[in-house]
Amino acid sequence: MGYYRVDLLRYAWQRGFAAFLRQGALLVRNALGYKRTLVFMRDLRKQDNVIVPSSVPDLVLTSYREFLEIPEAVREAMKRSRRWLWWDTEQLMKQGWRLWIGTVSGDLASVLWTWEGVRATTWVWPVGPGDVVLWYTVTLPAFRGRGIQKAMHYQVIETLRSEGCNRVFGWCDDYNVISRRNIEHAGFRLVGVVRQKRGSVVDVPGAGSAR
Numbered sequence: 006m007g008y009y010r011v012d013l014l015r016y017a018w019q020r021g022f023a024a025f026l027r028q029g030a031l032l033v034r035n036a037l038g039y040k041r042t043l044v045f046m047r048d049l050r051k052q053d054n055v056i057v058p059s060s061v062p063d064l065v066l067t068s069y070r071e072f073l074e075i076p077e078a079v080r081e082a083m084k085r086s087r088r089w090l091w092w093d094t095e096q097l098m099k100q101g102w103r104l105w106i107g108t109v110s111g112d113l114a115s116v117l118w119t120w121e122g123v124r125a126t127t128w129v130w131p132v133g134p135g136d137v138v139l140w141y142t143v144t145l146p147a148f149r150g151r152g153i154q155k156a157m158h159y160q161v162i163e164t165l166r167s168e169g170c171n172r173v174f175g176w177c178d179d180y181n182v183i184s185r186r187n188i189e190h191a192g193f194r195l196v197g198v199v200r201q202k203r204g205s206v207v208d209v210p211g212a213g214s215a216r
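Per this note's numbering, the very first residue in the sequence shown carries number 6; after that it's consecutive.
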């Protein structure tokens, strides 16, 4: 079981025994090969009533499209945090991914990836020009519980809106109740579920009705 799954169990235990049992059942089902990916969407062309999250003191958000644009100190901090930031940053950026870095008082606090719809060739949902996929979002343990991820989501989405983005998609595994809560708080609505049974996609309900 990965580190993050252990973290989910720990947080569930803090919320009570019932939450712990529910989280454990979701993790076991996933480990047995019965996987469900939840797909969310927020249409930036429509008026919504998303509550603006509380500001996080000293949080600075910066986006990067080229690996060498990232300050060396931030790159080194990402290397030291490989337990949580497991991907190959340089390779993803060569593929066209956009990296968003949140720092607090100069320290690396949170990382978020976005992928333009025209590049998202392996994405499970129909997307196109003007769409953006919100990919991995990770807040380092020392900075969790401060509302940083909510603030990051809000700032990123407002930046994308100002850049002319039409729709933003997000996703999480069904066992990741913390991510689901954060995504929904950011104004996303559930548009479908990708169900997999032992590696084979079973169905993608609603895939044709999200536009």
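Where a beta carbon is used, it is the ideal one built from N, C-alpha and C, also for glycine.
For Arg47, which three-state DSSP category applies? strand
Taking a contact to mean a Cβ-Cβ separation below 9 Å, would you say Glu121 touches Gly101 in this structure? yes
Using only the heavy atoms of the ligand ATP, determine whether one of them is closer than 8 Å to the beta carbon of Trp105. Absence of the ligand ATP from the depicted structure is noted, as is the absence of any ligand whatsoever, leaving it without description.
Spatially closest choice to Gln19 from Lys155, Arg166, Arg200 and Gly150, by CA coordinates: The candidate whose alpha carbon is nearest that of Gln19 is Gly150.
Please classify Thr67 as buried or exposed, where buried requires at least 16 neighbouring CB atoms within 10 angstroms. exposed
Quick one: Cα of Trp105 to Cα of Trp130, how far? 23 Å
As assigned by DSSP and simplified to three states, the class of Leu64: Of the three classes helix, strand and coil, the one that applies to Leu64 here is strand, per DSSP.
Counting only the same chain and skipping the five closest in sequence on each side, list residues whose C-beta sits under 6 Å from that of Gly21. Same-chain partners within the cutoff: there are none.
Count the other CB atoms, across all protein chains shown, that sit within 10 Å of the CB of Gly213; report buried if there are 16 or more and exposed otherwise. Residue confidence is low: Gly213 scores 42 on pLDDT, short of 50, so the model does not pin down where it sits. No coordinate-derived value is stated.
Our contact map puts Val219 next to Leu90 with C-beta atoms below 8 Å; I'd like the distance itself, whole angstroms only. Lying outside 6 to 216, the shown extent of the chain, residue 219 is not represented and no answer is given.
For Val109, which residues does DSSP report across the bridge? Under DSSP, Val109 takes part in a beta bridge, and its partners are Leu64 and Asp112.
Below 9 Å between beta carbons: does that hold for Ala156 and Leu113? Leu113 sits away from Ala156, with the two beta carbons spaced by 9 Å or more.
Within 9 Å, strictly: CB atoms of Arg50 and Arg194: no
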